[in-house]
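In this note's numbering, each residue carries its 1-based index in the sequence shown increased by 36.
Backbone N, C-alpha and C define an ideal beta-carbon position, used for all residues, glycine too.
Read the structure below first, then the notes.
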Amino acid sequence: MKWLKRILVGLLASLMLAMAAAYLTPLDTYVPEVERALGEQLHEPVSIKHLRMAMLPLPHLELQEVRLGGKEGIAARLITAEPDLPALLAGKLVVRRILVQDGTASLVQVRKLVDSFAKTPAAGQRVALRELQLSGMRLLTPGMTLGPIEGKLEFAQAGELERAWFAMDEQKITVELLPLPEQHFSVKAQAHAWAPLQLPQMLLDDLQIEGVLGEQDFVAQKFAVAARGIRVSGSGKVEFSDGWRVQAALTQIDAPLEQVMALLEKPVELTGAISAKGALSGKANTLGALKDNFQFSGEVLISHATARIAEGLRHPLVFDQIKVRVAVQPEHLELNALEAMLYGGRLSGTMSINRKDTVLAAEVAVNGVAMQSLVEALTDEVLFTGNMDGAAKFSMRLDEFEHFPANLRLAGNFHLRNGVLTKVDLVQAASNLDKTNTAGGTTQFDDLIRLLDVDASGYHFRKLKIVSGVLNAEGRVDISPSLQLGGMLDTDVKGTVGLVSMPMVVSGTLNNPVVRPSKSALAGAAVGTAILGPGLGTAVGIKIGGFLHKLFGKNDDKNSNKDAAPKPPEKR
């Protein structure tokens, strides 16, 4: 029996040596023939660095360092081909699986291969393939690289493609393709917790796309995207025959406004709910450049919005509702047919934003806005109340919110009705000549009308008119950036001797205003009283003093122009 054991051991050793020899013996002498055969099959030049045969775990052929096509071709570190042994025993040349690992593929070469396979009848193929797998491959497109990609292409017995499946980023995004007539494919794409390569800040919670892929375009019959509470749905088309062109109908957009600002990486503090619909389009030579060339036109509705336009403001501005027609271009944003409901009133007009220099320019009208709530949002104390109507043109640098209101340029006219000026009693100041300084108190008015200019030197009220039952006042008031007051008012108070006109000087600060008779008025009153006595003499003296002030005093109203559009503020 010893001789039988020795024979069996020898046979086993010989078999193992044969298998090892088959695995270790290079087949590089066959490389030129294999390159030629594959080149004829694929209609592209093929290069192979090494060719090996392996027996475990199943017999398969290894092609190492393979390249298909020229510079913009397909390259793989390793291609493994596993034959279908039962089919081979039956006399059929069938490859059960081909695995392509660790390489790159240009989009141009992939298109050429797809066209080649589509035009080659299955009956004319020398080798039948059942499955093609991809692992660690990267797709090279102009301006962008996608991957690593894994995938699987399944073929029917007759050789035609039955199903294609691709995945990327650990299967966070998957795409399934099913063949349709005329070289088209039905496409279903899904993504979860995935961020596009060119937009890493845009983490998509969910993405669903269904459509049809053609030779030169992709038609998205429907799509839905969700990210950070933002939801977008619609349909569209992507053309890629010559560059990239996108057209989409966005049937519904719902989003928290604060998430939109975070996505755009804007420092503006906005809250509220936004809904919109419209058309999105874009065109670029490369896929990577497409994100900077989008345009949007549509209708936007914002509800329950707040906006904190600068630090230090007591409260954010509050808008009950905003309706607007939006047109977005790469370098320009236009807001037309703007209608906003705020503080019991309405704001309407147009706005535009030049993205190059971040300047907002607007022309607006307001009706019935309750100023007490608005002023409370901007300052610590209520300086005046009333319902306001008006119109204004203004411009502001959006990248300098921290300098508000120094970054604002405004020219407008406003009309306040049935309000109160806090901090000052104009009637008392004009009636009591013995008090050279008057501070505190309030002034009720029926109408307050003025022209307003805002620039780097402060707020400038021109052609100011204040009307109440006992008071008429006209003049000008300036507020400096440090909130210092300066100006003149001619006040007419009904009282002692008919209607007495008293020139008043405005000074102090916005929180502590001081109003007193002018020196010329006091001097005139003293002279008139001395000559004609109290009462009539005082009134005549005041009028003469006021006349002299108007004749020789400074009058800035001559240079005011309510229709002049403000120049954009200079960059600080």
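Taken through DSSP and simplified to helix, strand or coil, Thr-415 comes out as coil. The continuous beta strand (DSSP E) containing Met-173 extends over residues 167-177.
Within the model, the alpha-carbon separation for Glu-101 versus Ala-112 is close to 6 Å. Looking at the DSSP output, Phe-420 shares a beta bridge with Leu-457.
Sequence-distant Cβ neighbours of Ala-492 in its own chain, meaning closer than 6 Å and more than five residues away, are Ala-442.
At least 9 Å separates the beta-carbon of His-86 from that of Val-70.
Residue environment: Asp-461 is assigned as buried (16 or more neighbouring CB atoms within 10 Å of its CB, all protein chains considered). The straight-line gap separating the alpha-carbon atoms of Leu-176 and Lys-107 is approximately 12 Å. Between the C-alpha atoms of Arg-512 and Gly-448 there is a straight-line separation of about 15 Å. Residue pairing by DSSP places Ser-222 opposite Leu-214 and Val-248 in a beta bridge. For Met-297, no beta strand (DSSP E) run applies; the uninterrupted alpha helix (DSSP H) run containing it begins and ends at 293-299, by DSSP. Scanning Asn-390, Gln-244, Val-402 and Ala-256 for the CA closest to the CA of Lys-429 turns up Val-402. At a Cβ-Cβ threshold of 9 Å, Arg-166 and Phe-191 count as neighbours. Nearest neighbour of Val-211 by Cα position, chosen from His-228, Glu-196, Gly-195 and Gln-219, turns out to be His-228. Shown here, Met-377 sits in a strand according to DSSP, grouped into three states. Residue range 82-90 is occupied by the beta strand (DSSP E) that includes Leu-87.
For Leu-462, the uninterrupted alpha helix (DSSP H) segment begins and ends at 462-467. Going by DSSP, Arg-72 is part of no beta strand (DSSP E) but of the alpha helix (DSSP H) stretching over 67-78.
In the DSSP annotation of this structure, Glu-367 is not part of any beta strand (DSSP E), being labelled neither H nor E. The distance from the Cβ of Leu-452 to that of Leu-488 is about 11 Å, inconsistent with a contact at the 8 Å cut-off. For Lys-319, the secondary structure class from DSSP, reduced to helix, strand or coil, is strand. By the 16-neighbour rule on beta-carbons within 10 angstroms, Ser-537 is buried.
Each residue's CA atom was taken as its position, placing Ile-245 and Leu-216 some 17 Å apart.
When DSSP states are grouped into helix, strand and coil, Gln-145 belongs to the helix group. Inter-residue distance for Arg-72 and Arg-132 is about 22 Å (C-alpha atoms, whole angstroms). From the listed residues Gly-505, Leu-419, Arg-174 and Asp-528, the smallest Cα separation to Leu-546 is found for Leu-419. Its chain contains Glu-246 and Ser-271 as the residues whose beta carbon lies nearer than 6 Å to that of Lys-258, once the 5 sequence neighbours on both sides are disregarded; these appear in chain order. Note that the C-beta distance between Ala-315 and Gly-334 is below 9 Å. Around the beta carbon of Lys-459, a 10 Å sphere encloses 16 or more other beta carbons of the protein chains shown; the residue is thus reported as buried. Here Arg-433 is buried, its C-beta having at least 16 other C-beta atoms within 10 Å. In the three-state scheme derived from DSSP, where H, G and I count as helix and E and B as strand, Asp-205 is classed as coil.
Spatial neighbours of Leu-457 in its own chain (CB-CB distance under 6 Å, excluding positions within 5 residues in sequence) are listed in chain order as Phe-420 and Thr-479.
Taking 9 Å as the cut-off, the Cβ atoms of Leu-378 and Val-354 count as close. Among the bridge pairs identified by DSSP, Pro-119 is matched with Val-131.
About 6 Å separates the beta carbons of Ser-142 and Gly-109, which is inside the 8 Å limit, making them a contact pair. Classified as exposed, Ala-194 has fewer than 16 neighbouring CB atoms from the shown chains inside 10 Å of its CB.
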